[in-house]
Amino acid sequence: MGNERFIRCCVCDAIHHVSPFDKAPVYVCLGNQLQEQATDDWRAFMERHAGHRLEPLNATGEKFFPYASPLDPMSVAYMELTNGRDRYLVRRARGRIQEPMSYELIAGQLVEAGLSVEVQENEIKKEMKNHFSWAPATCPQDDKIDLFVGLLKELIQTLEPRRIQISEFSSLDDAVSYGLLDDATVDLLMAKCSVCFWPDELASLRRFVETHRNGCDVMTLVISRRLTIEPPAC
Ligand SMILES: [Zn+2]
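Here our numbering is used: position 51 in the sequence shown is 73, and no number is missing along the way.
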């Protein structure tokens, strides 16, 4: 959840992110020399908005990355902040990798737009090769692995996302959690596979599924809350 703190100037609608880097020096290039400059972003904000009404805000934990992965240090994020009563939407971005993040209040609000469920396709394929490496003879050929993943993907489309039991929450993204393949779904998957796989292949597939369906392991489902920005009502 969010534990980031902010200060909002109620007069200018400016936002300051309170962070341990408030006083971190910045480095500027002067000629061919790098020079350290002391900064105090918090004090600078306070001076700029002296005499204005300020209010503390906390991040609610709701974050939306519409263009790139949360792991990308350049990705633009839309974050929800609150003073305990009202909610605010802030756009967080940086122009260049060396620059600090800038925060800007935006009109509108983050709203949920449903859940998406995906299988961990690449991770499954990689893990299958690894899992069967001790006994290469039992390792399904690449086309059979593709077939298995294809059948799994087909099956996942029939699941109701909200009924999937959560096994773990992502530590990287509040909008992502991992969902369990329940016993009935595993049985259905095996029934689908039984048309295309030999009995001994089926047995090893089931063992693979059973050993990799806990926590956030490769046979868990990635459930993402899709967020979108709703413009303010006119
Ligand atoms: Zn101000």
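From the three backbone atoms N, C-alpha and C, an ideal C-beta is built for every residue, glycine too.
Buried or exposed: which applies to residue i, given that a residue is buried once 16 or more other Cβ atoms fall within 10 Å of its Cβ?
{"i": "I119", "result": "exposed"}
{"i": "V133", "result": "exposed"}
{"i": "E252", "result": "exposed"}
{"i": "K85", "result": "buried"}
{"i": "M123", "result": "exposed"}
{"i": "M96", "result": "exposed"}
{"i": "I186", "result": "buried"}
{"i": "Q142", "result": "buried"}
{"i": "Y200", "result": "buried"}
{"i": "V217", "result": "exposed"}
{"i": "E102", "result": "buried"}
Taking the DSSP output, what are the residues bridged to residue i?
{"i": "F191", "result": "S199"}
{"i": "S138", "result": "S246"}
{"i": "K85", "result": "M101"}
{"i": "A36", "result": "C31"}
{"i": "I128", "result": "L111"}
{"i": "L211", "result": "L211 pairs with nothing; no bridge assigned."}
{"i": "V133", "result": "T250"}
{"i": "Q163", "result": "Paired residue(s): none; Q163 is not in a bridge."}
What is the C-beta distance between residue i and residue j, in whole angstroms, given that I count them as a contact (C-beta under 8 Å)?
{"i": "D195", "j": "P92", "result": "5 Å"}
{"i": "A135", "j": "L249", "result": "6 Å"}
{"i": "L203", "j": "L243", "result": "7 Å"}
{"i": "K214", "j": "L173", "result": "5 Å"}
{"i": "L76", "j": "C34", "result": "The pair is not a contact, with the Cβ atoms about 10 Å apart (cut-off 8 Å)."}
Under 9 Å, do residue i and residue j count as touching if we go by C-beta distance?
{"i": "V139", "j": "S226", "result": "no"}
{"i": "L111", "j": "G130", "result": "yes"}
{"i": "K166", "j": "F230", "result": "no"}
{"i": "S189", "j": "N152", "result": "no"}
{"i": "F67", "j": "A36", "result": "yes"}
{"i": "Y125", "j": "R113", "result": "yes"}
{"i": "R27", "j": "A99", "result": "no"}
{"i": "H234", "j": "E149", "result": "yes"}
{"i": "H38", "j": "D63", "result": "yes"}
Would you verify that the beta carbon of residue i is, or is not, closer than 9 Å to some beta carbon of chain C?
{"i": "I29", "result": "No chain C appears in this structure, which consists of one protein chain only."}
Could I get the ranges of all uninterrupted alpha helix (DSSP H) runs contained in the stretch 224 to 250, with 4 residues as the minimum, in chain order? If we require 4 residues or more, the stretch 224 to 250 turns out to have no alpha helix (DSSP H) run fully inside it.
My parser needs the beta strand (DSSP E) runs of 3 or more residues fully inside the stretch 93 to 126; what are they? 99 to 104, 109 to 115
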